[in-house]
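Asks:
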Amino acid sequence: MIILGATPIGNLGDASPRLREALAAAEVIVAEDTRTAIHLLRALGVESRPRLIAMHDHNERERAAEIVELARETDVLVLSDAGMPTVSDPGFHLVDAAAAADVQVTAIPGPSAVVTALAVSGLATDRFTFEGFLPRKPGDRRSSLRALATEPRTMVFFESPNRLASSLEDIASVLGADRRVAVCRELTKLFEEVKRGTAAELAEWASGGVKGEICIVIAGAEAVEADPATALEQVLALVASGTRLKDASNEVAEATGLSKRDLYQAALAARPPKASPDARVRPAP
11 MIILGATPIG
21 NLGDASPRLR
31 EALAAAEVIV
41 AEDTRTAIHL
51 LRALGVESRP
61 RLIAMHDHNE
71 RERAAEIVEL
81 ARETDVLVLS
91 DAGMPTVSDP
101 GFHLVDAAAA
111 ADVQVTAIPG
121 PSAVVTALAV
131 SGLATDRFTF
141 EGFLPRKPGD
151 RRSSLRALAT
161 EPRTMVFFES
171 PNRLASSLED
181 IASVLGADRR
191 VAVCRELTKL
201 FEEVKRGTAA
211 ELAEWASGGV
221 KGEICIVIAG
231 AEAVEADPAT
241 ALEQVLALVA
251 SGTRLKDASN
261 EVAEATGLSK
271 RDLYQAALAA
281 RPPKASPDAR
291 VRPAP
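Numbers in my numbering are just positions in the sequence shown, counted from 1, shifted up by 10.
1. Apart from the five residues just before and just after residue 51, which ones in its own chain have a Cβ nearer than 7 Å to its Cβ?
2. Per DSSP, what are the beta-bridge partners of residue 93 in this structure?
3. Got a sec? Which residues, its chain only, sit under 6 Å from residue 310 by beta carbon, not counting five neighbours each side?
4. Report buried or exposed for residue 219, applying the criterion of at least 16 other Cβ atoms within 10 angstroms of its Cβ.
5. Can you give, in chain order, each stretch of the beta strand (DSSP E) that sits fully within the stretch 160-197 and has at least 3 residues?
6. Check the C-beta distance from residue 46 over to residue 91 and give it rounded, since I have them as a contact under 8 Å.
7. In the DSSP output, what is residue 138 paired with across the bridge?
8. In this structure, does DSSP put residue 102 in helix, strand or coil?
9. Consult DSSP for residue 220 and reduce its assignment to one of helix, strand or coil.
10. By a C-beta neighbour count over all protein chains shown, 10 Å radius and 16 as the cutoff for buried, is residue 295 buried or exposed?
11. Whose CA, out of 87, 254, 262, 19, lies closest to the CA of residue 243?
12. Could you give the DSSP three-state label for residue 207: helix, strand or coil?
13. Is residue 59 helix, strand or coil by DSSP?
14. For the beta strand (DSSP E) that contains residue 40, what are its first and last residues?
15. Reducing DSSP to helix, strand and coil, say where residue 87 ends up.
16. In three-state terms, what does DSSP make of residue 270?
17. Once the 5 residues before and after residue 208 are set aside, which same chain residues still bring their CB inside 8 Å of it?
18. Below 8 Å, can you find three or more Cβ-Cβ pairs linking the stretch 161-181 to the stretch 224-232?
19. Quick one: what does DSSP say residue 130 is sitting in, helix, strand or coil?
20. Within 10 angstroms of the Cβ of residue 58, are there 16 or more other Cβ atoms? Answer buried if so, exposed if not.
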């Protein structure tokens with residue numbers, strides 16, 4: 011089978027007993043960087059010397075079939091440099107290929123920068139979305155943020171320390187200067203820091219330069235109460251364009267959060283009454 015092993019994101023003490031056992035027993039380890047894998051083995055005192063296969067963003071598609079066939083004969087332990095493979099790290103295409111080939115995939119749970127940052131951010135944790143890295147180019151980054159402007163869930167991003175200040179400036183510009191943000195730096199490491207504040211405040215703080223591994227956590231957009239009168243106008247406009255009243259009411263209700271039944275009834279009341287068949291105009295005698 012293929013075993014996805016979650017590795018420490020900073021503190022070696024977070025390596026689970028299951029991970030240590032898997033490392034000691036592994037005959038084959040597929041690693042994002044074989045040098046990092048060797049360092050992990052040595053740091054954890056694992057003396058075995060398994061076969062190491064490098065699998066990274068640039069060769070994963072080409073190596074996936076070979077690794078899947080290997081996993082038919084022996085367990086293959088898959089490691090990223092830190093955290094869980096496949097989560098903004100290599101591994102997705104391998105798992106996809108394994109599933110298609112009916113090769114079993116399992117995981118050794120463990121550290122995750124995404125969940126750790128979310129937990130310490132002080133922002134809502136009941137619903138969240140992980141968005142990976144923001145685009146490098148400013149124009150693309152602002153476009154991505156505009157697409158998330160009304161996202162109601164808490165958002166978690168990875169970011170390079172070199173781009174942190176400019177990304178926070180774009181967050182303040184696109185999502186609002188007062189949008190609540192937490193920047194989580196060097197999680198589980200000696201110099202761990204969580205900086206909380208508005209987007210504008212953190213953009214100013216980051217302008218002086220920030221080092222380390224970075225996660226940005228952004229509060230979701232606050233719900234805006236829909237105006238029933240405006241929503242009714244939208245329903246009537248859809249009906250005028252040829253949409254069935256029921257469908258128009260459902261569409262506007264989904265977009266605004268208002269009751270589709272109330273919108274339907276209001277639209278019925280607002281429509282002009284149909285002329286009776288007997289109410290035809292007759293010529294004067």
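Note that the Cβ used here is the ideal one computed from N, Cα and C, for glycine as well.
It should be emphasised that the depicted structure is a prediction, and the values quoted were computed from it without experimental measurement.
Replies: Per the coordinate set shown:
1. Cβ neighbours of residue 51 beyond the five flanking positions: 33.
2. 17
3. Past the edges of the chain, shown from 11 to 295, lies residue 310, and the structure says nothing about it.
4. Exposed is the call here.
5. Whole beta strand (DSSP E) segments, 3+ residues: 164-169, 190-195.
6. Between residue 46 and residue 91 the beta-carbon gap is near 5 Å, inside 8 Å, which marks them as a contact.
7. For residue 138, the beta-bridge partners assigned by DSSP are 164.
8. helix
9. Correct three-state label for residue 220: coil.
10. Low confidence applies to residue 295: its pLDDT is 48, below 50, so where it sits in the model is not reliable enough to give any reading.
11. 262
12. Three-state result, residue 207: strand.
13. coil
14. 38-41
15. strand
16. helix
17. 182, 187, 188, 189, 190, 191
18. yes
19. helix
20. exposed
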